[in-house]
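Inspection log for the structure reproduced underneath, given as structure tokens.
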Amino acid sequence: MTGKLDHIGIFVESLERAVPFYETLIGRGAPVIREVPELGLRLAFFTRQGGEIVELVEASGRTEMKHGDVVVALEVDDLEAEIARLRAAGIKAYHQKPTDNLPLHRGWITKGDGHGTIIELCPKGEVARFVAGGAGGAVAG
């Protein structure tokens, strides 16, 4: 693990209601919107060149997350090795395989296993490339 924060995700009830608030709060302009219907997700990414990513997540599918929950996404150099390392230490870490509209292989530690916090493990640079359009998926807004 690099020990670096990759991004932060915030679960919201509605992107339409939350986006104007976050546009004003963090001052980065309009976000990149991504639709992931196969997972029941709509995502809004606020980013700037060379800066951190703040992701808003609207979930309509089955999930343990609720409005206000936060995902802490950590950067990893080697996802497979990191999941193996965590499992060897007794931490339950799971794979999230890529989908058509979210072509990222990621790791997860669930809210229940993460002491109330959802931890996402992200291969270095992959989320930034996805937001920029370099990892597939269409920009919806």
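Following our numbering, the numbering of the sequence shown begins with 785 at its first residue and continues without gaps.
All residues carry an ideal CB built from backbone N, CA and C; glycine is no exception.
Residue range of the unbroken alpha helix (DSSP H) whose run includes residue i
i	result
V796	It is not in any alpha helix (DSSP H) - V796 carries neither H nor E in the DSSP assignment.
R913	910-916
Residue span of the beta strand (DSSP E) that contains residue i, given as start and end
i	result
I837	837-843
H877	The residue asked about is misnamed: residue 877 is Ala in this sequence, not His. Element bounds for A877: n/a, residue is neither H nor E.
A865	No beta strand (DSSP E) contains A865, which is instead part of the alpha helix (DSSP H) from 863-872.
E859	854-860
E822	From DSSP, E822 is part of no beta strand (DSSP E); its letter is neither H nor E.
Distance between beta carbons of residue j and residue i, contact taken as under 8 Å
i	j	result
R812	F795	Between F795 and R812 the Cβ distance is about 19 Å, and since that is not below 8 Å, they are no contact.
L840	V816	Actually they are not in contact, since the Cβ atoms of L840 and V816 sit about 11 Å apart, beyond 8 Å.
R869	Q880	The pair is not a contact, with the Cβ atoms about 17 Å apart (cut-off 8 Å).
Inter-residue spacing [alpha-carbon to alpha-carbon] between residue i and residue j
i	j	result
A924	L799	With a pLDDT of 36 at A924, under the threshold of 50, the predicted position of this residue should be treated as unreliable, though the coordinate-derived value follows. Approximately 12 Å between the Cα atoms of the pair.
A922	R818	Caution is warranted here: a pLDDT of 38 is assigned to A922, below 50, making its placement in the model unreliable, and the coordinate value is therefore given only provisionally. If you take the alpha carbons of A922 and R818, they lie about 7 Å apart.
D884	V820	8 Å
G898	A814	32 Å
I902	A843	15 Å
Y878	G909	20 Å
G835	H851	25 Å
D861	L905	10 Å
A872	Y806	39 Å
T808	W892	30 Å
G917	R801	24 Å
R874	K788	The sequence given here places Gly at residue 874; Arg does not occur at that position. Their backbone Cα atoms lie some 22 Å apart in a straight line.
L863	P907	6 Å
R832	A912	10 Å
K876	G896	10 Å
E797	G900	19 Å
Residue i vs residue j beta-carbon contact at 9 Å
i	j	result
E822	L886	yes
E866	T894	no
G845	L825	yes
V915	I810	no
(message) Check whether the segment 791-806 and the segment 856-868 are in contact - that is, three or more C-beta pairs closer than 8 Å.
(response) Using a Cβ-Cβ distance cut-off of 8 Å, the segment 791-806 and the segment 856-868 are in contact, since at least three pairs of beta carbons, one from each stretch, lie closer than that value.
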